[in-house]
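Heads up: the protein sequence lines correspond to chains E and R, in order. Sequential numbering from 904 applies to the first sequence in this note's numbering. Sequential numbering from 262 applies to the second sequence in this note's numbering. Even for Gly, the Cβ is constructed at its ideal location relative to N, Cα and C. Okay, structure first, notes after.
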Amino acid sequence: MADSPTWDLLADLQLLLRFHFMQNAFIVGTLVALLAGMVGYFVVLRGQSFAAHMLSQVGFPGAAAAVFLHLPPVIGLAAFCSAAALGVGLLGRRLDAGNRMESAVVGSILAFSLGLGLLFFRLYTGSAQAVYAFLFGTILGISDRDVAATVVTTAVCLVALAAIARPLVFASVDPDVAEARGVPVRAIAIAFLLVAALAVAVTVQIVGTLLIFALLVAPGACALQLTARPARGLALTVVFSLLFTWTGLAVAYFTIYPVGFFITTLAFAAYVLIRGAKALSREQAAHAELESEPA
Amino acid sequence: MFAATSFSLNPFQDVQAMLAYDFMRNAFIAGGCIAAAAGLVGYFVVLRNQVFTTDALGHVAFTGGMGGLLVGLNLLVGVFGSCVAVALAIGSLGGRGRGRDVAIGTVFAWVLGLGLLFLSIFTSSHSASAGNTGISVLFGSILGMQPAQALIASGAGLLTCIALLVIARPLLFVSLDPEVATSRGVPIRVLTVLFLILVAITVAESVQAVGALLVFALMVTPAAVAQNLTTSPYTGMVLSAAVAVLAVWLGLTLAFYIAYPASFFITALAFGSFIVSLGINRVHRKAASA
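Here it is in structure tokens:
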């Protein structure tokens, strides 16, 4: 961009929010960070980060199909992601990288859905920029229609998540006991996958299909490294994801480089720092324990 | 794209018309060699449960390719170099490159993000048409292969096939029963690293054919088809390679007559054959249990 940042933060903020597209980007970015943070905490807690990865890639042909039909891409994304979530939920299998045949099946589906997305984009325009926007996210293309769709989706998701939050924590931490106590574990799992699908659909707008991990998994992973308490963990996750998104958007505005790069870099750096700090403090604790022990 | 040639009902004449073009001959030869290597190596990838190593290498290939272009090297040098380097790193860590998927996912999201940065630097410092380079790395450009590229790809594919067949027996032993293999004195570590290098080279080749994002279609889907149809490892290897080669050749033929991307047809054919194999597997199992 033509503007360059100064040391006057207030002036920078004014510059940043001067244009309508940046206002839209910040509104959507904030909502996405809220939703992706909350959902992401449970995704990591439940060990479903691989399912999130799959949902986001299945969303790619959905976005492409929506563009092809002149609909807002969020609608296509939401439709494809929800369908995939329902499929995964009804098959009743836990998607993880452990099972040999399962990962082969999922890999095949991923390759096919990305191929399909490519076809839809060729049918539409063949423009490289449109493809990149969906693969890697953008701050430029968010229209007022997208903002409205995001507001509605986020509201629905947050209400649904609040409604199932307590049994969800229970079912995630200890599924067997929860089932014995009469918690409908299966129904909650499917409901959560649907919420995750919608969260993926809105998150794709900012970071794109390929970089979804940065907002949906990394903040939750950081928070779970720091605390085991659900309420504090959720709050921390949201703080992290807001931090990544806002900083990423701001830096991307002042440079010519894509927002996806900055958000993934922040997420990666935060994760590495926290892991490193934790390992260091654990080592120190072990050291202190050794010294305090009588010889 | 090639609407000048339309489809007739004489298959012999159709093939002749198609192979009259240089780029189609290149694509058939290079694509066939790449697919054979991908099918063979992929069989072991699925057997050894290293699907996510392949995914990771595909991501790295994109970033490596773009980084190579950025510093003025050939795209291929970047793709091959980065894939082999990362495979060696995974091998020296001793793990199988899976397990803690949160950590791996976060790392590889960042690697892709880095690739995106390289892409945008490259695009903004070159002409607008450079934007399509990224797309062709992500989704393949088998019809755009230069004769020299096709030659390298075919050679690399054939060499990979030969190398894999040489280590196939001990590798099979190690993959199926690592403990017994160790006690029999099979060099597990060497084999593991050798195999990872072969995977890296195959991923780098497949990137040219179907692209970094669709590597699964050549390396995992045919192997899954083979495992659905047979439990015998050697029949499975041959079948896996055959499915991959057929998917590429039929995909190229379709793309020649219908102006949609070849990568789409290849992934769709592979996926279709997977669905069919799943059905056959079910019927067999039902017949066996009845």
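Non-local beta-carbon contacts of I290 of chain R in its own chain, meaning distances under 6 Å to residues more than five positions away in sequence, involve S415 in chain order. The Cβ of P1122 of chain E sits no closer than 8 Å to any Cβ of chain R. Put simply, the CB of S1075 of chain E is far from chain R, with every gap to its CB atoms at 8 Å or more.
Interface annotation, L513 of chain R: not in contact with chain E, CB-CB separation never under 8 Å. Distance from L934 of chain E to T1053 of chain E at the Cβ level is roughly 5 Å; contact confirmed, criterion being Cβ atoms closer than 8 Å. Each residue's CA atom was taken as its position, placing R1185 of chain E and A1121 of chain E some 21 Å apart.
Counting every other CB atom within 10 Å of its CB across the protein chains shown gives F273 of chain R a total below 16, marking it as exposed. A1100 of chain E and L958 of chain E do touch by the CB rule: their CB atoms are close to 5 Å apart, below 8 Å. Distance from the Cα of A987 of chain E is smallest, within the candidate group E:P976, E:I1012 and E:H973, for E:I1012. Close to A485 of chain R, with beta-carbon spacing below 9 Å, are these residues of chain E in chain order: M1004, A1007, V1008, G1010 and S1011. Taking C-beta separations shorter than 7 Å and ignoring five residues to either side along the sequence, the partners of V338 of chain R in its chain run G329, following chain order. If you check each beta-carbon in the stretch 517-529 of chain R against every beta-carbon of chain E, the ones closer than 7 Å belong to Y521, P522, S524, F525, T528 and A529. Identification of chain R residues near R1025 of chain E by a Cβ-Cβ cut-off of 7 Å yields Y521 and P522, ordered along the chain. Scanning its chain for C-beta atoms nearer than 7 Å, with the 5 sequence neighbours on each side dropped, one finds around T482 of chain R the residues A531, F532 and F535, in chain order. By the criterion of a C-beta distance shorter than 7 Å, V1110 of chain E is surrounded in its chain by G1040, A1117, L1118, G1163 and I1166, once the five residues flanking it on both sides are discounted. Cα atoms of V1055 of chain E and I1091 of chain E: separation of roughly 22 Å, rounded to the nearest angstrom.
Taking a Cβ-Cβ threshold of 9 Å, the residues of chain R close to I1159 of chain E are S381, I382 and S385, in chain order.
Rounded to the nearest whole angstrom, the CA to CA distance from A417 of chain R to A461 of chain R is 12 Å.
Near chain R, meaning a CB-to-CB distance below 9 Å, the residues of the stretch 1152-1185 of chain E are I1159, Y1160, P1161, G1163, F1164, F1165, I1166, T1167, T1168, A1170, F1171, A1172, Y1174, V1175 and R1178. Residue-level contact check: V1105 of chain E does not touch chain R, since none of the beta carbons of chain R fall below 8 Å from its beta carbon. Chain E places no beta carbon closer than 8 Å to that of L432 of chain R, leaving this residue out of the contacts. In chain order, Y1160, P1161 and F1164 make up the part of chain E whose C-beta sits under 8 Å from the C-beta of L378 of chain R. Residue contact with chain R for F1143 of chain E: absent (no Cβ-Cβ distance below 8 Å to any residue of chain R). One finds G1010, S1011, L1013 and A1014 in chain E with Cβ atoms closer than 8 Å to the Cβ of F477 of chain R, taken in chain order. In this structure, the straight-line span from the alpha carbon of A508 of chain R to that of A1036 of chain E is close to 29 Å. By the neighbour-count definition (other C-beta atoms within 10 Å, threshold 16), H923 of chain E is an exposed residue. Around A505 of chain R, the same chain offers A296, A299, G300, L479 and P483 as residues with beta carbons nearer than 6 Å, after the five sequence neighbours per side are excluded. Nearest C-alpha to A1124 of chain E among R:V368, R:S385, R:V372 and R:G405: R:V368.
Taking a Cβ-Cβ threshold of 8 Å, none of the residues of chain R is close to F983 of chain E; the smallest such distance is about 16 Å. Rounded to the nearest whole angstrom, the CA to CA distance from L420 of chain R to L426 of chain R is 10 Å.
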